[in-house]
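Comments concern the structure below.
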Amino acid sequence: MGLTAKIRTRDGWAVSHAVVTVTDMTGTQVLRAETDAEGAVRDTTELVPGAYTVIVTAVGYAPVASSAIVTASGRAEVGTVTLARQGGTELPPPGPWTIDPVHSSVAAVAQHLGISSVHGRFTEFGGTVEIAPDDVTKSRVEAVIKAASIDTGNGMRDTHLKSGDFLDVERHPEITYRSTGLTQAGSDRWTVHGELSMHGVVRPVDLDLAYLGTGADPWGGTRAAFRATAELHREDFAMNYNQVLQAGIAAIGTTLKVELDIQAVQGDSLPQA
Numbered sequence: 001m002g003l004t005a006k007i008r009t010r011d012g013w014a015v016s017h018a019v020v021t022v023t024d025m026t027g028t029q030v031l032r033a034e035t036d037a038e039g040a041v042r043d044t045t046e047l048v049p050g051a052y053t054v055i056v057t058a059v060g061y062a063p064v065a066s067s068a069i070v071t072a073s074g075r076a077e078v079g080t081v082t083l084a085r086q087g088g089t090e091l092p093p094p095g096p097w098t099i100d101p102v103h104s105s106v107a108a109v110a111q112h113l114g115i116s117s118v119h120g121r122f123t124e125f126g127g128t129v130e131i132a133p134d135d136v137t138k139s140r141v142e143a144v145i146k147a148a149s150i151d152t153g154n155g156m157r158d159t160h161l162k163s164g165d166f167l168d169v170e171r172h173p174e175i176t177y178r179s180t181g182l183t184q185a186g187s188d189r190w191t192v193h194g195e196l197s198m199h200g201v202v203r204p205v206d207l208d209l210a211y212l213g214t215g216a217d218p219w220g221g222t223r224a225a226f227r228a229t230a231e232l233h234r235e236d237f238a239m240n241y242n243q244v245l246q247a248g249i250a251a252i253g254t255t256l257k258v259e260l261d262i263q264a265v266q267g268d269s270l271p272q273a
């Protein structure tokens, strides 16, 4: 029973900040659910059989409305809903923007045993974006991540990652990123050039950035949405620990894929809750 749906962009990315609202034929809202990190909705609310309207909204995208029929089983399978971007090819309006950590995610993926992946995320971070008024390539990004907020879903593994073998959070409690430039790589694609400081080492790191658009939020503010990826090598940051198994396979891969889903609020501070 309930509602299942997948929300995607035109190029197949999951939209992790979408809201799905279901109304009956009188216009009464009967269900409201948010997508998870995979852009999926799996709500178990039982619905009365009949016809409904499904409305999907997300910051930076044009809303989509469609019809759905709930069967006798109480289930509504909406399938995959594709959202079109708003905002054209430009960056957000000039001025300061503040990253909203509640509606953003900082995640990393590493190979494990050569056959699967370990997914981790940092739960405490913040930052600012400054869009330059005349030359957008001079825009700036600064972010600070609390290294001890690493979460891979396994307490023993997290403790090891916080130790001197990896992040060494006692000596290096913060991971920082400061941009040094911006290059346009497509109609809504940018390369952010910057320096990442982690584990006491500073290295140049480029972010592949997609601007997803700008839109109003329910609290009277304006939000911009971005997605960015980067590839890091642990050795570049003096994290050389590894356990090699009998077959010669490293327990943990040396390459990390970083995935950022960012919402920023216009202004130099976040709205008060």
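If you count by the UniProt record's numbering, then the sequence shown holds residues 1 to 273, one letter each, in order.
All C-beta atoms, glycine included, are put in the ideal place defined by N, C-alpha and C.
When the options are compared against residue i, the one with the closest alpha-carbon
| i | options | result |
| --- | --- | --- |
| Ala224 | Ala40, Lys257, Ile99, Val201 | Ile99 |
| Ala33 | Thr214, Leu207, Val20, Gly2 | Val20 |
| Glu16 | Asp36, Thr82, His119, Leu167 | A small fix is needed here, since residue 16 is Ser in this sequence, not Glu. Selected option, being the one with the closest Cα: Asp36. |
| Pro133 | Leu207, Pro96, His233, Ala18 | Pro96 |
| Glu77 | Ala62, Val64, Tyr52 | Tyr52 |
| Val54 | Val64, Glu46, Leu47 | Val64 |
| Thr214 | Gln266, Glu174, Asp168 | Gln266 |
| Ala230 | Ala110, Gly50, Gly2, Val41 | Ala110 |
| Asp217 | Arg157, Pro271, Val41 | Pro271 |
| Ser179 | Met156, Thr128, Trp219 | Thr128 |
| Asp43 | Thr23, Gly50, Val70, Gly2 | Gly2 |
| Gly126 | Glu174, Ile69, Ser67 | Glu174 |
Exposure of residue i, with buried meaning 16 or more beta-carbon neighbours within 10 Å
| i | result |
| --- | --- |
| Arg203 | exposed |
| Arg227 | buried |
| Val106 | buried |
| Ile7 | buried |
| Val205 | buried |
| Val269 | According to the sequence displayed, residue 269 carries Ser and not Val. So Ser269 counts as exposed. |
| Gln263 | buried |
| Trp190 | buried |
| Ala72 | exposed |
| Gly27 | exposed |
| Val48 | exposed |
| Ser104 | buried |
Residue(s) in a DSSP beta bridge with residue i
| i | result |
| --- | --- |
| Thr98 | Thr128, Val265 |
| Glu77 | Thr4 |
| Ala110 | Val118, Leu256 |
| Arg223 | Gly215, Val265 |
| residue 291 | For residue 291 there is no data in the structure shown, the boundaries of the chain being 1 and 273. |
C-beta atoms of residue i and residue j nearer than 8 Å
| i | j | result |
| --- | --- | --- |
| Ile131 | Pro93 | yes |
| Gly60 | Ala5 | no |
| Lys146 | Glu170 | no |
| Val136 | Leu182 | yes |
| Arg121 | Asp165 | no |
| His199 | Ala238 | yes |
| Thr176 | Ser149 | no |
| Val192 | Val141 | yes |
| Leu83 | Val56 | yes |
| Leu207 | Ala108 | no |
| Gly74 | Glu46 | yes |
Task: Whole beta strand (DSSP E) elements within the region 124–206, 3-residue minimum - done: Correct list: 125–131, 140–146, 174–184, 189–198.
Open item on the list: Ignoring anything shorter than 3 residues, give me the beta strand (DSSP E) runs that lie fully in the region 24–80, in order along the chain.
Closed with: List check, beta strand (DSSP E) in window: 29–34, 40–43, 50–57, 64–70.
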